[in-house]
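Participant: Quick one: this structure, given as structure tokens, is what I'll be asking you about.
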Amino acid sequence: MKRNLITSVLLCCMFILQAQDKQLTIRGKVSNMDTPLVNAEVSSEKSGETVKTDINGKYELNTSAGDLVTFTYPGLSDMEIVVEDVSSVLNISLNTAVNVLDEVVVEKTKIKSQAQLRKEYNSNKNLINTAFGILDKEITNFSVRIIDKSEFLFGGIDLASAIQYRAAGIRVDRSVDFYKPTIYLRGSALGMFPAIYDVDGLILTEFPDFVNIENVERIAILSGLGLGIKYGGQGNGGIIVINTKGGNTYRDPRTGGPYDQALLRNNIYEGNALSKEQASKNVPTYLKELYATTSEREAVDLYKEQSARYTSSMYYFLDVFGYFAAKWKNTSLADQIIADHWYLFKDNPVGMKALAYLYQTMGNNEKAHELYKEIFILRPNYAQSYRDLALSYADIGDYKKSASIYARYDYLVAEGFIRAEDKEFTPLMEREFSNLLELHRKELTSTETKKGPSLNSGFEGTRLVFEWNDSEAEFQLQFVNPNDKYYNWEHSMLADPELIRVEKLKGYSCKEYLIDGSITGQWKVNLKYLGNKSLTPAYLKATIYHNFGSKSQRKEVKVFKLQLKNVNQELFKVQNSLSLVSN
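So this is what it looks like as structure tokens:
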């Protein structure tokens, strides 16, 4: 069995290396404000090759998966794009560069009161509560490194392990007492003195072995000369501040629940999102014609006529697949349509993922699972492939295989074969693995699956997970709370190019939100599609987990085709929620 495991890991690593070296040719148009840019430069980091756009702003470049391609033009901001296995058409719009002048402007720093900081504590991960009040790492005169509960890794022995492996330059000495180690911090008195501890305002000189890692909300590593003013000479070795969940729960005195961050922003929603009925008027002409038919026979005849014109359009066949399955409940015909045009989906993980989404909305988890297995083979270097496959195994009731996929992913991350250890994706994986263990522990009897603390015990409410099939998709999600105050999150190159770069390098396209269930109410979720670089539709899947983490947990899957651009549209509503927290 051990030999089989080693062989499996080696094969997986070989596929990863092959996937990262797939040769491709990308082409497209470079423009600014819809005006083609002549002689814009397109450069490959891997090969060093640079090509220039022609009189129409068009270019063509030989590259490979994993390459970093840079688009430049004088006076405009550069754009860097990570090439993926499906990249072929990349239409780029460069924006006007913002020049920073050599002039120093001194502004008065806005100092917030402790009452203001308490309001922000739950959502602002730059804050840490100490014996001397809440500190904001952005305005301290000493070094502050903060580790949030969402960043703790799988399988830590204890609190010391969590600290050691999540911050650089930390030495844990267990030579005297394994369970009561001494910790030394780099940068504090040359590491000559051990660190002391500040646990919810209680200052200790010995390691707090009484603190359970499951009960930790946030940890901060403090070092630097400025600490002497607050902690005195005993702080020469630095301070490890530990905020527990029970000791740092700040509630809004008006409601008794968590502070609502949408309310703090004073953003008032004016109900200007297009309704589903209004948005449906913008569907393609071929769908309008199909929905206008009066019988299934008439619809089939029209499909045969249309399909001759759309033989190369994957999106057409996804639409008619959904049409026959939803309108006429003819899943056999829908399946046959995909089988007849499989050449459009084969070797195309973007198309297969959209199809898997649609199967999940139909409740056909077996079909979706087969597609996720195909995607896993095509993209073994993508972190998302492991998550999707683990979840699909759980959906078909094979919980042991689901747990083994999580374990394999954990191993490959630890060995450096997958670069997905970060604050966005890691907490999501850990939360889902913990959820699997909590709900199906009876079915999971192997010691391999009994690892890690629960990350869900402190949360009660609704969990939302958004996924998109095309990593180039750009959009804005809008969350409107029961008091009609909204919060926006934008996924675009303009808003956060570094996030998209990280997502593509590490291979994931998903975002998690937790809606606290302490106060009932209705949330609205809207979306504005901003397009992608191939001028094609994208698909967004929203999974809503009700009563997340409890035995009564249930989920529903909704899928949306993103095509109408730059218009805020209604997606869905969620009941029994108030305070939104992003992880």
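Residue numbers (this note's numbering): 2 to 584. For glycine and all other residues, C-beta sits at the position ideal for the given N, C-alpha and C.
Cα separation between residue 464 and residue 436?
Facilitator: Approximately 12 Å between the Cα atoms of the pair.
Participant: State the Cα-Cα distance for the pair residue 147 and residue 291, rounded to the nearest angstrom.
Facilitator: Roughly 56 Å between the two C-alpha positions.
Participant: Please work out which residues of its chain come closer than 8 Å, Cβ to Cβ, to residue 27, disregarding the five sequence neighbours upstream and downstream, and give them in chain order.
Facilitator: These residues qualify, in order along the chain: 61, 62, 64, 70, 84, 88, 89, 90, 91.
Participant: Using 8 Å as the Cβ pair cut-off and three pairs as the minimum, do the segment 465-481 and the segment 509-517 touch?
Facilitator: In short, these stretches touch, since the Cβ pair count reaches three.
Participant: If residue 569 and residue 529 are in contact, beta carbons under 8 Å, what's the gap, nearest whole angstrom?
Facilitator: Yes, residue 569 and residue 529 are in contact; Cβ-Cβ is about 5 Å, under 8 Å.
Participant: So for residue 579, helix, strand or coil by DSSP?
Facilitator: Residue placement at residue 579 cannot be trusted, given a pLDDT of 44 that sits under 50; what the coordinates show is reported in the next sentence. Residue 579: coil per DSSP, three-state reduction.
Participant: State the beta-bridge partners of residue 539 as determined by DSSP.
Facilitator: According to DSSP, residue 539 bridges with 563.
Participant: Leaving out the 5 sequence neighbours to the left and right, which residues in its chain are closer than 8 Å to residue 217 when beta-carbon positions are compared?
Facilitator: Same-chain partners within the cutoff: 150, 153, 160, 163, 243, 244, 245, 246.
Participant: Can you grab the Cα-Cα spacing for the pair residue 354 / residue 425, in whole Å?
Facilitator: For residue 354 and residue 425, the distance between alpha carbons rounds to 21 Å.
Participant: Can you list, in chain order, the residues of its chain with a C-beta nearer than 8 Å to that of residue 366? Leave out the 5 residues immediately preceding and following it.
Facilitator: Excluding residues within five positions, the ones whose Cβ falls inside 8 Å are 360, 393, 396, 397.
Participant: Can you grab the Cα-Cα spacing for the pair residue 501 / residue 429, in whole Å?
Facilitator: Taking the straight line joining both Cα atoms gives about 17 Å.
Participant: Going along the chain, which residues of its own chain have a beta-carbon closer than 7 Å to the beta-carbon of residue 562, five neighbours each way excluded?
Facilitator: Taken in chain order, the residues that qualify are 538, 540.
Participant: Can you give the Cα-Cα distance for residue 585 and residue 466, rounded to whole angstroms?
Facilitator: As shown, the chain starts at 2 and ends at 584. That puts residue 585 outside it, with no answer to give.
Participant: Does the Cβ-Cβ distance between residue 269 and residue 235 come in under 7 Å?
Facilitator: Contact flag unset, no.
Participant: Roughly how many angstroms lie between the CA atoms of residue 1 and residue 490, to the nearest whole one?
Facilitator: What is shown of the chain runs 2 to 584, which leaves residue 1 out entirely.
Participant: Going by C-alpha to C-alpha distance, which of 515, 76, 50, 542 sits closest to residue 38?
Facilitator: Cα-wise, what sits closest to residue 38 is 76.
Participant: Indicate the three-state DSSP secondary structure (helix, strand or coil) for residue 370 in the structure shown.
Facilitator: Residue 370 falls in the helix class under three-state DSSP.
Participant: Specify, as a first and last residue, the run of the alpha helix (DSSP H) that residue 363 falls within.
Facilitator: No alpha helix (DSSP H) holds residue 363; DSSP gives it neither H nor E.
Participant: Just to confirm before moving on: does the CB-CB distance between residue 182 and residue 172 stay below 7 Å?
Facilitator: The answer is no: Cβ separation not under 7 Å.
Participant: Report buried or exposed for residue 219, applying the criterion of at least 16 other Cβ atoms within 10 angstroms of its Cβ.
Facilitator: Buried: at least 16 other Cβ atoms inside 10 Å.
Participant: Given a cut-off of 7 Å on the beta-carbon distance, is the pair residue 391 and residue 406 in contact?
Facilitator: Going by C-beta atoms, residue 391 is nearer than 7 Å to residue 406.
Participant: Look up residue 203 in the DSSP assignment and say whether it is helix, strand or coil.
Facilitator: Residue state, collapsed to three classes: strand.
Participant: Give the straight-line distance between the Cα atoms of residue 204 and residue 221, rounded to the nearest whole angstrom.
Facilitator: The straight-line gap from Cα to Cα measures roughly 14 Å.
Participant: Quick one: any contact between the segment 113-133 and the segment 44-56, if contact means 3 or more CB pairs under 8 Å?
Facilitator: No, because fewer than three Cβ pairs between the segment 113-133 and the segment 44-56 fall closer than 8 Å, the two stretches do not touch.
Participant: Report the residue from 30, 167, 498 whose alpha carbon sits nearest the alpha carbon of residue 415.
Facilitator: The shortest C-alpha separation from residue 415 is found at 167.
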